[in-house]
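Peer 1:
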Amino acid sequence: MFFCLRIDLDYVPWDTPDATEFGHGEPAALLRILDLARYTGFKFHFFVSNRVLRAFPANAEAALNDGHDLDWLCKHPEAAEARFHDARALFSMIGHVPVGMAVRGAWPANGEEFDGIEQLAFLSAAPGLVPKGLKLFPVETRAAREATRAGMSARAWTDVTKTQLREAASRNFGLTLIVRPQVLARFDPKLSHLKEILDFARALDLPVQTLRDSLRSESSSTKP
């Protein structure tokens, strides 16, 4: 069992629809998230899109430099092959190799099983289709972005997430929660709700770890 805080980095200031909806608070929110990780001692799992790697590689490097895990946010799985090769080149510029990818929602029926996918080990996505050879870590919680779009308050989102954490601990399974710094800047600007969620996971003795660490743990437990 585990709890993974998945942090998606996809903010660019010229994305007008997202900026209109959530503002431009991502840079400050990202620093607060890194500070929260230092304070709590937890390791988070960041997923970064090609456009952020291209425009703001320092954001990805900041996560790596603080000891967090970093993998690829695949925004367009229907055109994954070309974008994956671009991503590999962009990751190489910061001296890092992705071993997993994440998508918003589920892997689509028209998603490509692309050349190079064998270099990846896992997929973080909603339950559904899984490309051959990848381990699925299902996302069954409501992301902060979807919560705010549905009109949920931060309090309601926190309470629902805590209920799911309790269930994960009692049933001994993993749980992944997705947040975006840009969204948290408006939805939970002081990160008080996010800290409450992390504190609750600790109180339940639910390990807060990355999907990479979870995969390693599974591999170790299956060795003779």
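In terms of the working numbering, the sequence shown is residues 1271 to 1494.
Yeah, the Cβ is synthetic: ideal placement off N, Cα and C, and Gly gets one too.
1. Is there at least one Cβ from chain B nearer than 8 Å to His1294's Cβ?
2. Based on DSSP bridge pairs, tell me the residues matched to Gly1295.
3. Thinking C-alpha only, which one of Glu1488, Ser1487, Pro1477, Ser1489 is nearest Cys1274?
4. Taking one C-beta from the segment 1315-1328 and one from the segment 1338-1345 each time, how about it: are there three or more such pairs within less than 8 Å?
5. Looking only at its own chain, which residues have a Cβ that is under 6 Å from the Cβ of Asp1458, when we skip the five neighbours before and after it?
6. Let me make sure I understand the geometry here. Which of Gly1295, Arg1415, Pro1327, Ile1277 has the alpha-carbon closest to that of Gly1365?
7. Restricting to Cα atoms, I'd like to know which of Arg1456, Phe1312, Ala1357, Glu1348 is closest to His1338.
8. From the DSSP output, read off the bridge partner residues of Ala1372.
9. Helix or strand or just coil, what does DSSP make of Asp1429?
10. Given a cut-off of 8 Å, decide if Ala1414 and Val1373 are closer than it, judged by their beta-carbon atoms.
11. Measure the alpha-carbon distance for Leu1399 versus Leu1485 and round it to whole angstroms.
12. Let me confirm a value: Glu1351 is counted as buried when at least 16 other C-beta atoms fall within 10 Å, else exposed. Which label applies?
13. Just confirm the distance between the C-beta atoms of Ala1420 and Pro1408, as a whole number of angstroms; I'd bet it's less than 8 Å.
14. Specify, as a first and last residue, the run of the alpha helix (DSSP H) that Lys1465 falls within.
15. Would you call Gln1479 buried or exposed, if buried means 16 or more other Cβ atoms sit within 10 Å of its Cβ?
Peer 2: According to the structure shown:
1. Included in the structure is just one protein chain, with no chain B present.
2. Paired residue(s): none; Gly1295 is not in a bridge.
3. Pro1477
4. Contact holds: three or more Cβ-Cβ distances are below 8 Å.
5. For Asp1458, same chain residues with a beta-carbon under 6 Å away, outside a window of 5 residues either side, are Ala1424, Leu1464 in chain order.
6. Pro1327
7. Comparing alpha-carbon positions, the option among Arg1456, Phe1312, Ala1357, Glu1348 lying closest to His1338 turns out to be Phe1312.
8. Leu1343, Ser1394
9. helix
10. no
11. 19 Å
12. Under this definition Glu1351 is an exposed residue.
13. Their Cβ separation, rounded to whole angstroms, is 20 Å, which puts Ala1420 and Pro1408 out of contact at 8 Å.
14. 1462-1473
15. Buried, by the Cβ-count rule.
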